[in-house]
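Start counting the sequence shown at 4; every next residue gets the next number (our numbering). Every residue gets a Cβ at the ideal spot worked out from N, C-alpha and C, and that includes glycine. Down below is the structure, laid out as structure tokens.
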Amino acid sequence: ARNDMRSARQRVERAASAAMAGAGKASLEERNGRMLLVVSASAAGRGALSKARQMGTAAGGNALIELPALVALNDKLASATAAALEEERRALSILTSMVRDSADAIEVGIEAIGAIDAACCRSRFGAWSRGVVAGVW
4 ARNDMRSARQ
14 RVERAASAAM
24 AGAGKASLEE
34 RNGRMLLVVS
44 ASAAGRGALS
54 KARQMGTAAG
64 GNALIELPAL
74 VALNDKLASA
84 TAAALEEERR
94 ALSILTSMVR
104 DSADAIEVGI
114 EAIGAIDAAC
124 CRSRFGAWSR
134 GVVAGVW
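Next comes the structure, spelled out in structure tokens:
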């Protein structure tokens, strides 16, 4: 699913790059999972950009637009992203259930590591300050 998402993103970026060549001074920005062109508000209503959907505004009086050629690609990107997130949630759920059975042992191990770390710190500080070196008990 991640590979599908990456390839969908690359297709959108390639199509957007081709569209930006005719848009003058434009950049690409992702908003709500959709790749949008950022153009000056005055350019948004001219030429090939006049057929684009305005999706919002950006800093500096710029417009966020989605060209008709990008709509279907953005839809595929959103679908691939949702599938990747669902796969990630499923994997995390499986891993959580595997760890849940060992939670008590993990907690005891973490507390033991903390005690060992504290003893090592006392020992190093004692050696550094030429004081009494603490023993590890």
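Are the beta-carbon atoms belonging to residue i and residue j less than 8 Å from one another?
{"i": "Ala81", "j": "Arg127", "result": "no"}
{"i": "Gly29", "j": "Val42", "result": "The sequence given here places Ala at residue 29; Gly does not occur at that position. Yes, they are a contact pair."}
{"i": "Ala4", "j": "Glu90", "result": "yes"}
{"i": "Ala61", "j": "Leu70", "result": "no"}
So, at 6 Å on beta carbons, what are the nonlocal neighbours of residue i in its own chain, with the 5 sequence-adjacent residues on each side left out?
{"i": "Met8", "result": "Ala83, Thr84 and Ala87"}
{"i": "Met58", "result": "Leu39, Leu67 and Glu69"}
{"i": "Glu32", "result": "Leu39 and Val41"}
Could you tell me how far apart the beta carbons of residue i and residue j are, in whole angstroms, since I believe they sit closer than 8 Å?
{"i": "Ala11", "j": "Lys79", "result": "5 Å"}
Identify every residue that forms a DSSP beta bridge with residue i.
{"i": "Ala108", "result": "Note: Ala108 sits in no beta bridge, so no partner."}
{"i": "Met38", "result": "Glu33"}
{"i": "Ala66", "result": "Val42 and Thr60"}
Cutting at 7 Å between CB atoms, please list the residues of its own chain near residue i, excluding the five before and the five after it.
{"i": "Asn77", "result": "Val15, Arg37, Met38 and Glu69"}
{"i": "Ala132", "result": "A quick correction: the sequence has Ser, not Ala, at residue 132. Excluding sequence neighbours, Ser132 sits near nothing in its chain."}
Please return the same chain residues whose Cβ sits closer than 8 Å to the Cβ of residue i, not counting the five positions on each side in sequence.
{"i": "Asn65", "result": "Val41, Val42, Ser43 and Ala44"}
{"i": "Ile109", "result": "Val102"}
Under a CB-based cut-off of 8 Å, is residue i close to chain D?
{"i": "Thr99", "result": "Checking the listed chains, one finds no chain D in this structure; it contains a single protein chain."}
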